[in-house]
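What follows is a single structure, written as structure tokens, with notes after it.
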Amino acid sequence: MRISLSLGLAALSLQSFNVLSALATPGPINGSADIQLRDPAIWYNADAKKYYVFSTGGNISTHTSSSLTGPWTKVGAALPHCTTINLGSDGHCTLWAPDVNYQDGRYVMYFASPGNARRNASIGVATSPSMDPGTWTDHGLVIHSKPSGNFDAIDANLIHADGLKLAFGSYNDGMFLTDLSNITTPSSSLPGTHLAGSGDRPAEGGFLYKPSSSDYYYFFFSYGHTPTVGEKPRPPAGQEYRVLVGRSKNINGPYVDENGDKLTKNVKPPTGTVVLATHNNVYAPGGQSIFLDPVSTRDVIVYHYVRKNAPAGGPSYLGINYLDFSSGWPVLVN
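114 is the number of the first residue of the sequence shown in our numbering; add one for each residue after it.
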């Protein structure tokens with residue numbers, strides 16, 4: 114009876130959240146949802162006056178636009194010849210989850226190369242003077258994880274805070290933060306500081322961001338099941354992807370949600386304040402990255418999502434929204 118009551122209350126709570134979310138959360142800004150991709154990362158080249166969006170697959174697919182509202186043009190692959198990282202026995206090139214930043218007069222892109230066994234994965238890094246396809250120099254391996262280890266070397270995210278730091282990790286024992294002596298050299302004490310996730314929970318895609326108007330660092334991550342192309346049926350309601358967040362005044366944490374619970378706490382439902390979840394025609398949003406748009410001077414989140422009214426097994430699309438941090442917590446706004 115207790116279990117039934119708890120499940121009933123949980124379902125009611127989820128339904129209430131979905132109703133409120135549908136009413137309050139805006140859809141992607143006009144023109145941003147016209148390209149198919151996963152795990153987008155965004156940056157702006159002021160000299161070219163163009164936005165660049167990088168995404169999983171196609172040796173890091175690259176799209177550009179002169180405006181956040183598009184139109185977006187696919188211009189090629191960031192790493193057309195793949196990477197110097199050892200790809201494993203099959204040699205197949207699969208590059209995931211790019212992260213883009215700017216450091217020492219050049220653009221820096223981290224990417225993941227998943228191996229052919231669980232936790233057997235690598236994080237690599239490349240640099241470019243412009244972000245255009247064909248201009249990226251692959252610097253190879255930064256972090257490697259082994260099947261026998263307790264962390265996964267994917268989903269890297271660079272942040273400048275008391276020096277260079279790299280967040281990374283997925284599932285397994287969670288997501289971590291390690292110091293970098295330069296863009297290619299991590300601290301020897303891997304995996305580093307535990308930021309969020311544990312107990313092999315479906316938490317991944319960590320992203321650290323500090324708004325210029327805030328004293329807090331915010332740690333965003335994706336939680337739940339992300340539907341892939343061809344996958345049927347969709348996951349049970351409430352188990353699909355969503356974006357959660359915690360905050361801390363210390364880059365190393367601990368990061369807590371609005372209830373004051375640490376993101377490292379292993380509980381169900383997970384700790385973390387909901388930023389973005391299924392609403393209207395947006396289903397299972399996640400794979401997010403955040404940046405300060407120098408054109409509008411507003412905080413922007415990019416992510417992928419599936420169209421709710423499309424048949425199960427369909428592709429995911431680019432979503433872009435503005436964020437407002439004035440309440441102390443990120444809220445999607447028009």
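Even for Gly, the Cβ is constructed at its ideal location relative to N, Cα and C.
Within the region 379 to 441, complete alpha helix (DSSP H) segments of at least 4 residues are not found at all. Put simply, the region 399 to 417 does not touch the region 281 to 296. Fewer than three CB pairs are less than 8 Å apart. P299 has L293 as its beta-bridge partners, per DSSP. The DSSP assignment places 355 to 361 as complete runs of the beta strand (DSSP E) inside the region 333 to 373, in order along the chain (cut-off: 3 residues). Annotation for Y284: no beta strand (DSSP E) segment contains it, and DSSP assigns it neither H nor E.
Rounded to whole angstroms, the gap between the alpha carbons of F334 and V188 is 28 Å. By alpha-carbon distance to S429, the top candidate from D437, Y418, Y435, F438 is Y418. By the Cβ rule, the region 342 to 349 does not count as touching the region 299 to 317, because fewer than three pairs are nearer than 8 Å. Beta bridge pairing from DSSP links I155 with V166.
Three or more Cβ pairs drawn from the region 191 to 201 and the region 238 to 246 lie within less than 8 Å of each other, which places the two stretches in contact.
The three-state reading of DSSP puts M244 in coil, since its state is none of H, G, I, E or B. Our two residues, T186 and T177, have alpha carbons roughly 5 Å apart in a direct line.
If the five residues before and after M288 are omitted, its C-beta is found closer than 6 Å to the C-beta atoms of G282, L308, A309, G310, G319, all from its own chain and listed in chain order. In the assembly as shown, A225 is a buried residue. Its beta-carbon has 16 or more other beta-carbons within 10 Å.
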